[in-house]
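Residue numbers (this note's numbering): 458 to 523.
Note that beta-carbon positions come from the ideal geometry of N, C-alpha and C, so glycine has one too.
These figures come from a predicted structure and were not determined experimentally.
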Amino acid sequence: MKILFGIIIGFVGIWWFFPTKDDICQRLYDGRYTEEQATAKWRMRGGRYGSGSGLIGTCRYKGYLK
458 MKILFGIIIG FVGIWWFFPT KDDICQRLYD GRYTEEQATA KWRMRGGRYG SGSGLIGTCR
518 YKGYLK
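In structure tokens:
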């Protein structure tokens with residue numbers, strides 16, 4: 458039981474601390490991330506953005522927001 462619990466906590470931790478670009482955009486749009494937090498996570502994932510409207514504009518343009 459402890460092993461299963463550890464595995465579940467591990468997956469949640471990976472999902473939260475190493476989000477995909479889709480997750481970053483969605484969390485920014487939902488308000489869970491500030492612009493600064495989202496930008497830091499985006500750069501950590503190796504993403505670049507150059508939109509005049511910032512990261513939210515890039516997320517919309519690239520189709521990460523559904």
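Asked, Found
"Taking all protein chains shown into account, decide if L485 is buried (16 or more other Cβ within 10 angstroms of its Cβ) or exposed.", "buried"
"What number of angstroms, rounded off, separates the C-alpha of E492 from the C-alpha of F468?", "25 Å"
"When DSSP labels each residue in this structure, what does M501 get in the three-state scheme?", "helix"
"Relative to the C-alpha of G520, which residue among K498, D480, Q494 is closest?", "D480"
"As a quick exercise: from W473, L461, I466, pick the residue whose alpha carbon is nearest that of K498.", "W473"
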